[in-house]
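In numbering that gives the first Met the number 0, the protein residues as written are 0 to 363. Worksheet: the structure to be examined is printed underneath.
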Amino acid sequence: MGEASSGAKFPIQADFLVQPGRDAINYEAKWNHWLVEEVANLCKEAIEYFKKHEKWKYKFLPAFDFKKSRGIESYDKLFGPKLIEHIEGFLERDNCVPTMDGEWARPAQVVRLTEDHKAREELVSLGILNKDEIVPVMGCQSDLKLLKGGEVFIPELPPSDPILKELDVILQKSRPVLHPDILGNTDSEDDQKVLILGEEIGKGSELWVLTKDGEIKPAKEVLFSKEFKPEQDWETRRLYISGLNFINLNYITDINDDDQLKGWCQFFKVVGVKDDPDNGVEEFAMKYAIEKLRIQYTNVTSVDKRNFGYDLEAETDTGKRIYIEVKGLSSEKDVELTSKRLKPQTDIKRTFTSVLSHLYRRIL
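Okay, structure coming up:
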């Protein structure tokens, strides 16, 4: 069976109950709810362990930064209420953030200063602020404490601890980000300079961009939002494709000219933003076909992983079984069934149907 996205930065492996056809987890099964709740409890135990570790207590919180996919069944029925909400609620109530004075505080009670140490010292030496005033003034709240973390480096971990070693790399890796405030609100001459820059830095460099959900993601994991007027509007039908990220609109603020918009699309393509998700056409076609077939048929089941030569099975109201081949295309053209897919029609008496799903703008 395939994988389901939990929204966590760490993999979850367990004996989950699956739906008929084994193409997805059963998100409503009580057993699966219990399994995920146990994962949440294990995470809480891990948090207590991290808090006692002299190095990791400053760095573990980003590991529990979850991606929320509201509207997706796996999130709404399972991982959202049973995992993410449990852990986030625990962190909100727990004194899990180390402060500069050696104490612990809740996340809402701390502020992180982005200015370097020298800048903070200058504020004090010039008499502008005393040391105790820096945090409440910059945090705009009287009961805040200073967060400690930026100066701590985690040493190389031994190969015998591969999970922590991988997490160490993720947390410390530099992320070159294309910031909307830098790229936005430029005239046409500056636009051209940025496009040239993109052609130079886009080759061999992994750049990160801001998404509509407010997350920073590698450009290669991000698609064009519908406001960028892509040829295929994946955002409108994002419920058919799991785990999609779309580029933030702040990059094209106040751009109303189509030529300028095309120029920015050209730039973002160079740095890695994609027109289509990997295998997106096929995944869309399957889920779209299943949704439409369930209106007319019963027991619609995916069997595309079982190498039968067709993708779906279903039954009519009279109990007659039909077999469906799904072909996903991004443009209109003839569809031909291979000899392997024709075999079920010629060797066995069965009803065989081909469903063609096009990704036209008028459909999306």
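The beta-carbon is built from N, C-alpha and C at its ideal position, and this holds for glycine as well.
Within the segment 214 to 281, the runs of alpha helix (DSSP H) at least 4 residues long that lie entirely inside it are, in chain order, 257 to 270. In the three-state reduction of the DSSP assignment, SER5 falls in the coil class, being assigned neither a helical nor a strand state. Under the 8 Å Cβ criterion, the segment 4 to 16 counts as touching the segment 30 to 45, having at least three qualifying pairs. The way I'd put it, the segment 221 to 241 does touch the segment 272 to 281; three or more beta-carbon pairs between them come closer than 8 Å. If you check the CB distance, ALA284 and VAL299 do not come in under 7 Å.
Residue nearest to LEU206 within the set ASP212, ILE246, PRO10 is ILE246 (criterion: CA-CA distance). The C-beta distance from ILE83 to LYS67 rounds to 7 Å, short enough to meet the 8 Å contact threshold.
Within the same chain, THR300 come within 6 Å of PRO19 by CB-CB distance, once the 5 residues on both sides are set aside.
Nearest Cα to ASN244 within the set PRO80, ARG69, ALA45, ILE294: ARG69.
Looking at ALA23, ILE215, ARG237, the one whose alpha-carbon comes closest to that of PHE65 is ILE215.
Taking C-beta atoms as the reference points, CYS42 and ILE11 fail to come closer than 7 Å. Residue range 84 to 92 is occupied by the alpha helix (DSSP H) that includes LEU90. Put simply, the backbone Cα of TRP103 is about 39 Å away from that of ILE24.
Straight across, the Cα-Cα distance linking ASP22 with LYS211 is about 29 Å.
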